[in-house]
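Novice: Residue numbers (my numbering): 25 to 266.
All C-beta atoms in this analysis are idealised placements derived from N, C-alpha and C, irrespective of residue type, glycine included.
All figures in this text were calculated on a predicted structure; none of them were measured in a lab.
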Amino acid sequence: MLSITVSRYTVLTIIISEPNKGSHSEELVRRCHFFNGKGILIGKEFRSPSGIQLLRDLNLDLILGIHFPYIMPKEVLAVPRIGVLNLHPAYLPYNRGWHTPSWAILDRNPIGATLHFMDSGIDTGDIVHQKKLAVSPGDTANTLYRRLKSLEFEVFVEAWDQIKTLSFQRLPQRIDEGTLHRRDELFRPEIQKIDLEENVNAGRLLQKLRALTTDRLNEAAYYEVNRKKYRIQLTIQEDDSI
25 MLSITVSRYT VLTIIISEPN KGSHSEELVR RCHFFNGKGI LIGKEFRSPS
75 GIQLLRDLNL DLILGIHFPY IMPKEVLAVP RIGVLNLHPA YLPYNRGWHT
125 PSWAILDRNP IGATLHFMDS GIDTGDIVHQ KKLAVSPGDT ANTLYRRLKS
175 LEFEVFVEAW DQIKTLSFQR LPQRIDEGTL HRRDELFRPE IQKIDLEENV
225 NAGRLLQKLR ALTTDRLNEA AYYEVNRKKY RIQLTIQEDD SI
């Protein structure tokens with residue numbers, strides 16, 4: 025996708041997150057070998073007076089975010105002529121915010137990929153394009169996330185005509201029908217901890233383990249023995265011999 029954009033459009037600056045906020049910042053900088061803009065803004069620098077002024081000086085048409093983990097203040101939202109787009113791994117308005125694959129499995133609500141305009145809320149802006157994805161019985165949050173990233177690419181490609189012409193079909197969200205999860209919610213004991221003395225439904229337990237199997241150990245379900253924590257991550261494989 026980068027090769028498509030480089031030939032006809034100019035990337036003027038890059039905003040990347042701190043290492044603890046995102047997993048693709050270094051890769052983005054590495055892939056943007058063509059980049060010859062005025063500078064890279066890291067973390068919340070884009071909110072600072074100097075960062076905002078840098079963006080204003082560039083006379084931007086559009087800002088495009090991918091899994092952008094920050095809320096943009098109105099001063100930044102007003103900078104580009106058209107607006108700020110974000111690619112989010114969820115079927116908005118469901119699973120606004122963080123850890124979308126985990127909450128899709130836990131809450132059993134729709135999941136997919138959405139390209140949307142950003143506003144002052146958390147993933148509440150108008151939808152440009154989105155596609156839904158079916159959760160497999162063998163999916164963990166980790167495998168689901170990998171499939172969502174492929175779907176996000178499809179959504180972006182299918183919306184490319186709107187992006188390159190700066191002419192968008194905008195669908196307002198029905199926020200009252202959706203869900204929102206903050207980053208810290210997944211780490212709460214009532215979400216992660218397994219009580220070894222509690223009688224639980226096997227299906228519900230499996231659902232929790234699937235939802236909390238990500239690429240990070242500290243997001244996994246756990247149980248405690250002698251004041252020590254033991255984390256559980258699943259590997260699920262379909263048996264196609266039947």
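Output needed for MET25: all residues of its chain with C-beta closer than 6 Å, excluding positions within five of it in sequence on either side, in chain order.
Specialist: The residue labelled residue 25 in the question sits at position 1 within the sequence shown. Low confidence applies to MET25: its pLDDT is 32, below 50, so where it sits in the model is not reliable, and the reading given next is rough at best. Same-chain partners within the cutoff: there are none.
Novice: For SER27, does the count of other Cβ atoms within 10 angstroms reach 16, so buried, or fall short, so exposed?
Specialist: Translated into the one-based positions of the sequence shown, residue 27 becomes position 3. Confidence in SER27 is poor, its pLDDT being 38 and thus under 50, which makes the residue's placement unreliable; the coordinate value appears in the next sentence. Flag for SER27 reads exposed.
Novice: Closer than 7 Å by C-beta to GLU182: which residues in its own chain qualify, once you throw out the five before and the five after it? Chain order, please.
Specialist: Residue mapping note: residue 182 aligns to position 158 of the sequence shown, counting from 1. Same-chain partners within the cutoff: HIS153.
Novice: Pop quiz: PRO104 and ASP85 are said to be a contact at Cβ under 8 Å. What is the actual Cβ separation, rounded to whole angstroms?
Specialist: The count along the sequence shown starts at 1 and reaches residue 104 at position 80. The count along the sequence shown starts at 1 and reaches residue 85 at position 61. Right, the Cβ-Cβ distance comes to about 6 Å (below 8 Å), so this counts as a contact.
Novice: Does the beta carbon of ILE38 sit closer than 9 Å to a beta carbon anywhere in chain B?
Specialist: Any reference to chain B falls outside this structure, which holds one protein chain only.
Novice: For the 8 Å Cβ check, are there 3 or more pairs between the segment 182-202 and the segment 121-130?
Specialist: No, the segment 182-202 does not touch the segment 121-130.
Novice: Between LYS188 and PHE180, what straight-line distance do the alpha-carbon atoms span, to the nearest angstrom?
Specialist: Indexing the sequence shown from 1 puts residue 188 at position 164. Indexing the sequence shown from 1 puts residue 180 at position 156. One C-alpha to the other measures close to 11 Å.
Novice: Can you find the residues in the same chain that come closer than 7 Å, C-beta to C-beta, to TYR254, ignoring five residues on each side of it along the sequence?
Specialist: For this step, residue 254 is matched to residue 230 along the sequence shown. Contacts found: TYR246, TYR247.
Novice: In angstroms with no decimal places, state the Cα-to-Cα distance between ASN110 and ARG212.
Specialist: Walking along the sequence shown from the start, residue 110 turns up at place 86. Walking along the sequence shown from the start, residue 212 turns up at place 188. So the two alpha carbons sit approximately 28 Å from each other.
Novice: I need the straight-line Cα distance from LYS338 to SER72, nearest angstrom please.
Specialist: Since the first residue of the chain shown is 25 and the last is 266, residue 338 is not available in this structure.
Novice: May I ask you to report which of helix, strand or coil DSSP gives ASN83?
Specialist: Reading the sequence shown from its first residue, position 59 is the one you call residue 83. It is coil, neither helix nor strand.
Novice: By Cβ distance, which residues of its chain are closer than 7 Å to VAL108, with the 5 residues on each side in sequence left out?
Specialist: If you number the sequence shown from 1, residue 108 lands on position 84. Within the same chain, VAL108 has close Cβ partners ILE87, GLY89, MET96, LEU101, PHE141, MET142.
Novice: Per the DSSP calculation, GLN154 is bridged to which residue(s)?
Specialist: The residue labelled residue 154 in the question sits at position 130 within the sequence shown. Note: GLN154 sits in a beta bridge opposite THR138.
Novice: Exposed or buried, what is ALA226 when buried is set at 16 or more other beta-carbons lying within 10 Å of its beta-carbon?
Specialist: The residue given as residue 226 occupies position 202 in the sequence shown. So ALA226 counts as exposed.
Novice: Output the boundary residues of the beta strand (DSSP E) element that contains TYR254.
Specialist: On the sequence shown, residue 254 is found 230 positions in, with the first residue counted as 1. Where TYR254 is concerned, the enclosing beta strand (DSSP E) stretches over 252-256.
Novice: Going by DSSP, which residues form a beta bridge with HIS205?
Specialist: Your numbering for residue 205 matches position 181 in the sequence shown. Beta-bridge pairing links HIS205 to GLY121.
Novice: Inspect the beta-carbon positions of LEU204 and ASP147 and report whether they are closer than 9 Å.
Specialist: Along the sequence shown, one-based indexing puts residue 204 at 180. Along the sequence shown, one-based indexing puts residue 147 at 123. In this structure, ASP147 lies closer than 9 Å to LEU204 by Cβ.
Novice: So which of THR259, SER41, GLU69 has the shortest CA-CA distance to PHE92?
Specialist: Indexing the sequence shown from 1 puts residue 92 at position 68. The shortest Cα separation from PHE92 among THR259, SER41, GLU69 belongs to SER41.
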